[in-house]
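Structure, as structure tokens:
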Amino acid sequence: MMNIIIFGPPGAGKGTQAEKMQKHFNIPHLSTGNIFRENIKNETPLGKKVKSILDAGNLVPDETVVDLVKDELSKPKYDKGVILDGFPRTVAQAEALDSFFEENGKKIDAFLTLTVPEEELINRILSRGEGRSDDTPEKVKNRLSVYQKETAPVLNYYKEKGAVKEIDGVGSIEEIFDRIKDAVS
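Once you know that position 175 of the sequence shown is 175 in this note's numbering, the rest is easy, because the numbers rise by one and skip nothing.
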């Protein structure tokens, strides 16, 4: 049983690595972004709420994200563990996750943070052509600084718990994945 958080700035390769980890360790991958998109697409009450928040250009409040994740993690498919991607994003979310896990006799086994130099991140985001309208170099720099400001405290929170393993996020997908396997084993 393994509960892993994969962490890192936009463009660090979290989604790609989480998919490889899911196959290799046979643990489901929970991406809050995917859950949001699914709920929005299916026009669930939560999806409608999240869509209006995102359409206004705001971040989804901690409470909403936490409820969503707890709801998802209560499903039997996560009994053997989970790879969390895009969550927790704030210390409040991290604390809520920890207490949820404690209540269920679980814990975070590893907090993997992918480190990639800013120039490389900007190049990756601009070249992956997801067609986000905000993908100009200035906007990308802004997203990265928002990430640093808002999520660095989460990294420090898990550092204090001794759960953080820094992974060099530069190299081929396979090289980076090998580093992750070494860190987790």
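Backbone N, C-alpha and C define an ideal beta-carbon position, used for all residues, glycine too.
Start and end residues, beta strand (DSSP E) containing residue i
i	result
glutamate 120	Element bounds for glutamate 120: not the beta strand (DSSP E) but the alpha helix (DSSP H), 118-127.
phenylalanine 111	110-115
phenylalanine 87	That residue, phenylalanine 87, is in no beta strand (DSSP E); it is neither H nor E in DSSP.
aspartate 168	164-168
methionine 1	Where methionine 1 is concerned, there is no enclosing beta strand (DSSP E), given that its DSSP letter is neither H nor E.
Assigned exposure category for residue i - 16 Cβ within 10 Å defines buried
i	result
leucine 54	exposed
valine 146	exposed
tyrosine 46	According to the sequence provided, residue 46 is leucine. The question's tyrosine does not apply to it. Result: buried.
lysine 8	Here residue 8 is glycine; the residue named in the question, lysine, does not match the sequence. Classification of glycine 8: buried, given that the 10 Å Cβ count is 16 or more.
glutamine 148	exposed
isoleucine 173	exposed
Test item: CB-CB of residue i and residue j under 9 Å
i	j	result
leucine 30	glutamate 72	yes
lysine 197	aspartate 85	Outside the shown range of the chain, which is 1 to 185, sits residue 197, and nothing can be said about it.
threonine 32	valine 69	yes
lysine 20	phenylalanine 177	yes
isoleucine 108	isoleucine 5	yes
alanine 18	threonine 115	no
Extent of the continuous alpha helix (DSSP H) run through residue i
i	result
glycine 33	32-41
isoleucine 27	Counting along the chain, isoleucine 27 falls outside any alpha helix (DSSP H), and DSSP gives it neither H nor E.
asparagine 156	137-160
valine 50	45-55
Nearest candidate by alpha-carbon position, reference residue i, set the options
i	options	result
alanine 123	Glu138, Phe111 and Lys181	Correcting the residue identity first, residue 123 is asparagine in this sequence and not alanine. If we check each option's Cα against that of asparagine 123, Glu138 comes out closest.
glutamate 63	Ala56, Gly57 and Val50	Val50
methionine 2	Val91, Gly81, Lys23 and Gln22	Gly81
threonine 151	Phe87, Asn104 and Glu103	Phe87
valine 91	Val65, Thr44 and His24	Val65
aspartate 61	Ala18, Gln93, Phe111 and Glu166	Looking at the sequence itself, residue 61 is proline, so the reference to aspartate does not match. The option with the nearest alpha carbon to proline 61 is Gln93.
CA-to-CA distance, residue j to residue i, given in whole angstroms
i	j	result
valine 140	lysine 106	36 Å
valine 170	threonine 16	13 Å
asparagine 58	isoleucine 27	31 Å
isoleucine 180	tyrosine 157	21 Å
aspartate 98	lysine 161	11 Å
serine 127	leucine 144	16 Å
alanine 56	leucine 155	28 Å
histidine 24	isoleucine 83	12 Å
Beta carbon proximity, residue i to chain D, threshold 9 Å
i	result
glutamate 119	In summary, chain D is missing from the structure at hand, where a single protein chain is found.
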